[in-house]
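Here's the structure we're looking at; comments come further down.
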Amino acid sequence: MFSTSDTIVAIATPPGRGGIGVIRISGPDAATIATRLIGRDHPLTPRYATFARRADDHVVVTLFEAPHSYTGEHVVEIAAHGSPVVLNGIVRAAIDAGARLAEPGEFTLRAFLNNKIDLVQAEAVADLVDAVTPLQARAAFDQLEGTLTQTIGEIERELFDVIAKLEASLDFPDEGYHFVAPKEARTSLAAIIGRIDALLAQAARGRLIREGAQVVIAGAPNVGKSSLFNALLNTNRAIVTAIPGTTRDLLTERADIGGLSLSLIDTAGVRETTDVVEREGVARSRNTLRVADLVIVMLDRSRRLSEEDRDVLSSTANQRRVIVLNKSDLPRADAVAHVSAPDAAVEISATTGAGIDRLIEAIAATLSASEPLRDQPQITNTRHIVLLERGRAAIDRAITALEAEVPEEFPLLDLQEAAHALQEITGKRTSDDLLHHIFARFCIGK
Ligand SMILES: Nc1nc2c(ncn2[C@@H]2O[C@H](COP(=O)(O)OP(=O)(O)OP(=O)(O)O)[C@@H](O)[C@H]2O)c(=O)[nH]1
Ligand SMILES: [Mg+2]
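Heads up, the sequence shown is in the working numbering, so the first residue is 434 and it goes up one at a time.
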């Protein structure tokens, strides 16, 4: 399925014009193709930047000999002037000289197939390229450096230790001799579950960093939801009018707030209405509330608390939320002040911008209880979370089986399953389908 016997080529820099552009060639014939391209009759010196003239252009060619390259194969990088015409011309010439155009992610796939990196690291490469906030980039870089890989490896070794001892006991059934007492095996397995739980405990936050949080602005009509939406985005994306019921559909925009990448959602004001369109909008508001990672519950500080306000307050009572008292530029109506207890409320004015900074801090603080520690492995990827949970469940079953003192075969089956789940994370076990799925999201040239 995945061939590595041929030589691939692609432009590695972003499409369009740039100061310089880089073309990457990887595979057994990379060096000969490159020398042909620049009309050179003696071989390139590895790791030396060689200046050369090609057609009407100047290029710098560098050879990285296998296995000391990104892909683990012979790699040549050709830096040229960053014009699409020039770069495409070089790619064309490389293909004429025997290379094949690379598929998306194929360089990184080869690095994985040649054991330069594992699957976690390959996924981290894509995450790093896709990162839009510094936190995302840092989490991806940690995984690229192998912190998660290392932790998973340690857990795997501890698990194999228990498996080996149970298997040994199984091999000598007659003596009734245990290489590991069931109680001791259970203790070891409980410790492994503890390590998995520690990883999973960071998962919710890690996933927030990687995938961004859904933050929904909810409230009664006319409290200023769309005004806040616009203020947080620094645009006039949503229509704002003095007429209650202005917003009738969900508006979603990505926002970078407090270092976190968010999906910010403006909703229709919640109220009973006979208007068919508005009623659909209100139904959508309620639905989106349910999947929100955080709800900004907005009240109008200048009005007394209404039936609609109470409705929104009670329907979000069990969710992560920040209560906002808007229109702080207007005189305050008395009844609002004490409603929001016990939640702390942030006073803002969406029109003047007063208090928005504090609101952003409150949003970031509520979404992320604490800063991640440097060098702490971070689980950010749903695929990893699912596999860790599968492994954990299997170990749990093994512990129960050991408690029941059933023959070793049964807990062993569960432990094998747990081991397989861990191996799927790093890619020691994998399928073509999974690899296709993972590498399809890469760009060409990576
Ligand atoms: N004085 C003052 N007026 C505000 C403030 N925020 C919003 N408004 C006004 O309140 C009215 C409603 O604002 P919107 O942002 O459309 O309110 P909304 O909650 O989106 O309303 P619906 O979409 O109808 O649910 C507009 O006239 C805004 O100019 C504020 O902080 N101070
Ligand atoms: Mg609105």
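Backbone N, C-alpha and C fix where the C-beta goes; we use that ideal spot for every residue, glycine too.
The model shown is predicted, which means the values in this text are computed figures rather than measured ones.
Residues of its chain near residue i, where Cβ-Cβ distance is below 6 Å and the 5 sequence neighbours each way are ignored
i: residue 446; result: 454 and 455
i: residue 589; result: 855
i: residue 704; result: 654 and 741
i: residue 547; result: 505
i: residue 711; result: 678 and 681
i: residue 817; result: 858
i: residue 596; result: 848
i: residue 549; result: 505
i: residue 462; result: 440 and 531
i: residue 553; result: 576, 581, 582 and 859
i: residue 634; result: none
i: residue 479; result: 496 and 498
DSSP state of residue i mapped onto helix, strand, coil
i: residue 724; result: helix
i: residue 441; result: strand
i: residue 742; result: helix
i: residue 678; result: coil
i: residue 483; result: strand
i: residue 803; result: Legend: pLDDT at residue 803 = 44, less than 50; position of this residue unreliable, no value from coordinates given.
i: residue 473; result: coil
i: residue 780; result: strand
i: residue 562; result: helix
i: residue 763; result: coil
i: residue 694; result: strand
i: residue 459; result: strand
i: residue 788; result: coil
i: residue 876; result: coil
i: residue 652; result: strand
i: residue 449; result: coil
i: residue 839; result: coil
i: residue 729; result: strand
i: residue 757; result: strand
Residues near residue i in its chain [Cβ-Cβ closer than 7 Å; skip 5 each side]
i: residue 464; result: 476, 477, 496, 507 and 509
i: residue 490; result: 513, 514 and 519
i: residue 721; result: 649, 683, 698 and 700
i: residue 689; result: 565 and 566
i: residue 785; result: 762
i: residue 466; result: 440, 458, 527, 530, 531 and 532
i: residue 795; result: 755 and 779
i: residue 615; result: 835 and 838
i: residue 760; result: 657, 733, 734, 735 and 782
Endpoints, beta strand (DSSP E) assigned at residue i
i: residue 689; result: 684 to 690
Where the alpha helix (DSSP H) through residue i begins and ends
i: residue 600; result: 580 to 604
i: residue 830; result: 815 to 836
i: residue 660; result: 658 to 666
i: residue 705; result: No alpha helix (DSSP H) holds residue 705; DSSP gives it neither H nor E.
i: residue 752; result: Unbroken run through residue 752: none, as it is neither H nor E.
i: residue 573; result: 567 to 577
i: residue 856; result: 842 to 859
i: residue 872; result: 865 to 872
Residues near residue i in its chain [Cβ-Cβ closer than 8 Å; skip 5 each side]
i: residue 828; result: 592, 622, 625, 626, 629, 847, 848 and 851
i: residue 726; result: 641, 646, 647, 648, 753 and 800
i: residue 450; result: 515, 516 and 517
Per-residue burial, residue i [other beta carbons within 10 Å of its own, 16 or more giving buried]
i: residue 517; result: exposed
i: residue 481; result: exposed
i: residue 435; result: exposed
i: residue 860; result: buried
i: residue 438; result: exposed
i: residue 812; result: buried
i: residue 652; result: buried
i: residue 844; result: buried
i: residue 656; result: buried
i: residue 674; result: exposed
i: residue 815; result: exposed
i: residue 723; result: exposed
i: residue 557; result: buried
Contact test: residue i Cβ vs ligand 4 heavy atom, cutoff 7 Å
i: residue 658; result: The ligand content of the structure shown is limited to ligand 1 and ligand 2, which means ligand 4 is not among them.
Unbroken beta strand (DSSP E) runs of length 3 or more, entirely within the segment 489 to 550: which are they? The DSSP assignment places complete beta strand (DSSP E) segments of no fewer than 3 residues inside the segment 489 to 550 at 490 to 497 and 508 to 515, in order along the chain.
Can you give, in chain order, each stretch of the alpha helix (DSSP H) that sits fully within the segment 616 to 650 and has at least 4 residues? You should have 636 to 644.
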